[in-house]
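In the order they appear, the protein sequences are chains X and R. Sequential numbering from 646 applies to the first sequence in the numbering used here. Sequential numbering from 646 applies to the second sequence in the numbering used here. Even for Gly, the Cβ is constructed at its ideal location relative to N, Cα and C. Below you'll find the structure, written out as structure tokens, and then a few comments.
There are 2 protein chains.
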Amino acid sequence: MRIGELSKATGIPVPTIKYYLREGLLAPGELTSPNQASYGEVHIRRLRLIRALVDLAQVPVAQVKEIVESLDADDIPLHDQIGRAHRALTPARKPTASPEARAAAAVEVDALLTRRGWTVEPEAPALATLIETVAALRTLGQDNLVAFLDAYAEAVERFTQLEVEAVAAPTRDQLAESVVIGTILGETLITSMRLLAQESTSANLWR
Amino acid sequence: MRIGELSKATGIPVPTIKYYLREGLLAPGELTSPNQASYGEVHIRRLRLIRALVDLAQVPVAQVKEIVESLDADDIPLHDQIGRAHRALTPARKPTASPEARAAAAVEVDALLTRRGWTVEPEAPALATLIETVAALRTLGQDNLVAFLDAYAEAVERFTQLEVEAVAAPTRDQLAESVVIGTILGETLITSMRLLAQESTSANLWR
Numbered sequence: 646m647r648i649g650e651l652s653k654a655t656g657i658p659v660p661t662i663k664y665y666l667r668e669g670l671l672a673p674g675e676l677t678s679p680n681q682a683s684y685g686e687v688h689i690r691r692l693r694l695i696r697a698l699v700d701l702a703q704v705p706v707a708q709v710k711e712i713v714e715s716l717d718a719d720d721i722p723l724h725d726q727i728g729r730a731h732r733a734l735t736p737a738r739k740p741t742a743s744p745e746a747r748a749a750a751a752v753e754v755d756a757l758l759t760r761r762g763w764t765v766e767p768e769a770p771a772l773a774t775l776i777e778t779v780a781a782l783r784t785l786g787q788d789n790l791v792a793f794l795d796a797y798a799e800a801v802e803r804f805t806q807l808e809v810e811a812v813a814a815p816t817r818d819q820l821a822e823s824v825v826i827g828t829i830l831g832e833t834l835i836t837s838m839r840l841l842a843q844e845s846t847s848a849n850l851w852r
Numbered sequence: 646m647r648i649g650e651l652s653k654a655t656g657i658p659v660p661t662i663k664y665y666l667r668e669g670l671l672a673p674g675e676l677t678s679p680n681q682a683s684y685g686e687v688h689i690r691r692l693r694l695i696r697a698l699v700d701l702a703q704v705p706v707a708q709v710k711e712i713v714e715s716l717d718a719d720d721i722p723l724h725d726q727i728g729r730a731h732r733a734l735t736p737a738r739k740p741t742a743s744p745e746a747r748a749a750a751a752v753e754v755d756a757l758l759t760r761r762g763w764t765v766e767p768e769a770p771a772l773a774t775l776i777e778t779v780a781a782l783r784t785l786g787q788d789n790l791v792a793f794l795d796a797y798a799e800a801v802e803r804f805t806q807l808e809v810e811a812v813a814a815p816t817r818d819q820l821a822e823s824v825v826i827g828t829i830l831g832e833t834l835i836t837s838m839r840l841l842a843q844e845s846t847s848a849n850l851w852r
């Protein structure tokens, strides 16, 4: 199909599709003449994914590009491919804790990972974020919440187990896509459900 | 203490503190002379909170302002106060689903809320986000994940229960602060833990 039909099929305006093509988020169509290209199902699928990442999960375009590139890198082990998408999802954060608070939190988090039996790279960006968060919670006097780290980890393991059960894709490409969608939209799912569960609890307790 | 000492105590540069004062994120100090103000413990506490929201949870400054204002609105029921902070945390998102997909997802989400017994306002922004997410997952062919909506909701209820147990604050102001910190940094905690649990699972399955 031509770009106009691709726009109709996805509801995405032609200039936006051209922008995604220029930014390398969307693969070029097959040239049918020097200034006309033809697009297919794979473009519709990719545009829907880009749209969900940009508009719904509110991932910045630069990160979407990295995520999409990680999906196309199917010549590396699946674990490394997922790792690339993960890193694109975890922007570097300015450290906020004092060096002492961070060192103490690092010891706590390390013990947590050992207790849970989680195997993670020491330089995983999410590890730094977790350590900063524990340090911030302690600095802000929220020790009560930190006391529940293991219970949090247990609930998180439950999500991960569900997500692994959910990704039963027939091909390697679709598996990678499912994992990435599950990671990103799964978070939107958890976040919005959590606000609703909190609202409901708050209505019962504090209205 | 003077602004320079406040800067030393928190590690936040004086120009940044002045910016927070101008933006209304931080209450003015007590004037001790026409061009000198004095700051106290309450300012240190608030600056630490602002810092955690901006740098760690990466909440935009405009939203931080609304959150901080909600904390200072202690003349309304606690439930309404928390609702204000919640709304500041849930930016309006561009709809991505087709009207048909959205209508079907709304029915699914409505049934979920009824099954879980969650009482939420029909115009809660998180409700719109949840509906859009379910619609997007279906559009992207991730029906497997949608099949686990109830299991997700169950794990989310566990978080909320932990968080309610954790907020045992002696005063109403501290209770509101705890709830808001728990909501926001709790999310950073869950998000970073989830990426780590996924990395560990992926290492076991796909390396």
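Contact set between V809(R) and chain X, taken where Cβ atoms lie within less than 8 Å: Locating residue 809(R) in the second sequence gives position 164, counting from the first residue. The answer, in chain order, is T846 and L850.
Of the residues E768(X), L670(X) and L775(X), which one's Cα is nearest the Cα of L863(X)? The displayed coordinates of chain X run from 646 to 852. Any statement about residue 863(X) would go beyond what the structure contains.
Coarse secondary structure for L692(R), derived from DSSP in three states: What you label residue 692(R) is simply residue 47 of the second sequence in a count that begins at 1. Three-state result, L692(R): helix.
4 or more residues per run - each alpha helix (DSSP H) lying fully within the region 659-726 of chain R: 659-667, 686-696 and 706-717
Start and end of the alpha helix (DSSP H) containing G831(R)? Your numbering for residue 831(R) matches position 186 in the second sequence. Run containing G831(R): R817 to W851, per the alpha helix (DSSP H) assignment.
Relative to the alpha-carbon of E844(X), which residue among S652(R), R693(R), H724(R) and L666(R) has its alpha-carbon at the smallest distance? Residue 844(X) sits at position 199 when you count from the first residue of the first sequence. Closest option to E844(X), Cα to Cα, is H724(R).
Distance cutoff 8 Å, beta carbons only. Does T759(X) sit that close to anything in chain R? Taking the first residue of the first sequence as 1, we reach residue 759(X) at position 114. Closer than 8 Å: no.
Starting from the Cα of G762(X), find the closest Cα among M838(R), Q819(R), V704(R) and V659(R) and give me that residue. Locating residue 762(X) in the first sequence gives position 117, counting from the first residue. Checking every option, the nearest Cα to that of G762(X) belongs to M838(R).
Please report the distance separating the alpha-carbon of T846(X) from that of N680(X). Residue mapping note: residue 846(X) aligns to position 201 of the first sequence, counting from 1. Residue mapping note: residue 680(X) aligns to position 35 of the first sequence, counting from 1. Roughly 58 Å separates the two Cα atoms.
The region 679-704 of chain X: positions lying closer than 9 Å to chain C by Cβ: Chain labels in this structure do not include chain C; the protein chains are X and R.
My understanding is that G671(X) touches R690(X), with C-beta atoms under 8 Å, so please give their C-beta distance in whole angstroms. The count along the first sequence starts at 1 and reaches residue 671(X) at position 26. The count along the first sequence starts at 1 and reaches residue 690(X) at position 45. Here residue 671(X) is Leu; the residue named in the question, Gly, does not match the sequence. Not a contact, Cβ separation roughly 11 Å.
Tell me the rounded alpha-carbon separation between I695(R) and P673(X). Residue numbering aside, residue 695(R) sits at position 50 when the second sequence is read from its first letter. Residue numbering aside, residue 673(X) sits at position 28 when the first sequence is read from its first letter. Taking the straight line from one Cα to the other gives about 44 Å.
Beta-carbon proximity check, E863(R) vs T836(X), cutoff 8 Å: Residue 863(R) falls outside the range modelled here, since chain R spans only 646 to 852, and no answer is possible.
Under 9 Å from the C-beta of P722(R): neighbouring residues of chain X: Taking the first residue of the second sequence as position 1, residue 722(R) is located at position 77. Under the 9 Å cutoff, chain X gives W851 and R852.
Is the region 725-743 of chain R touching the region 812-829 of chain R, taking contact as three or more C-beta pairs under 8 Å? yes
Skipping 5 residues on each side, what residues in its chain have a beta carbon closer than 8 Å to that of D818(R)? Along the second sequence, read from residue 1 onward, the residue named residue 818(R) stands at position 173. If we look at D818(R) and ignore the five residues flanking it on each side, its Cβ neighbours are L716 and D719.
Give me the chain X residues within the contact set of V801(R), using Cβ-Cβ distance strictly less than 7 Å, ordered along the chain. As a first step, residue 801(R) must be located in the second sequence, where it is residue number 156. Per Cβ cutoff of 7 Å: I835, M838, R839 and A842.
Take L782(R) as the anchor and find which of T677(X), V659(X), A697(X) and T661(X) has the nearest alpha-carbon. In the second sequence, counting from the first residue as 1, residue 782(R) sits at position 137. L782(R) has its Cα closest to that of A697(X), out of T677(X), V659(X), A697(X) and T661(X).
Once DSSP output is grouped into helix, strand and coil, what is the label at E802(X)? Counting from one through the first sequence, the residue named residue 802(X) turns up at place 157. Residue state, collapsed to three classes: helix.
CB contact below 8 Å: Q787(X) versus chain R: Against the first sequence, residue 787(X) aligns to sequence position 142. Yes, Q787(X) lies at the interface with chain R (some Cβ there is under 8 Å from its Cβ).
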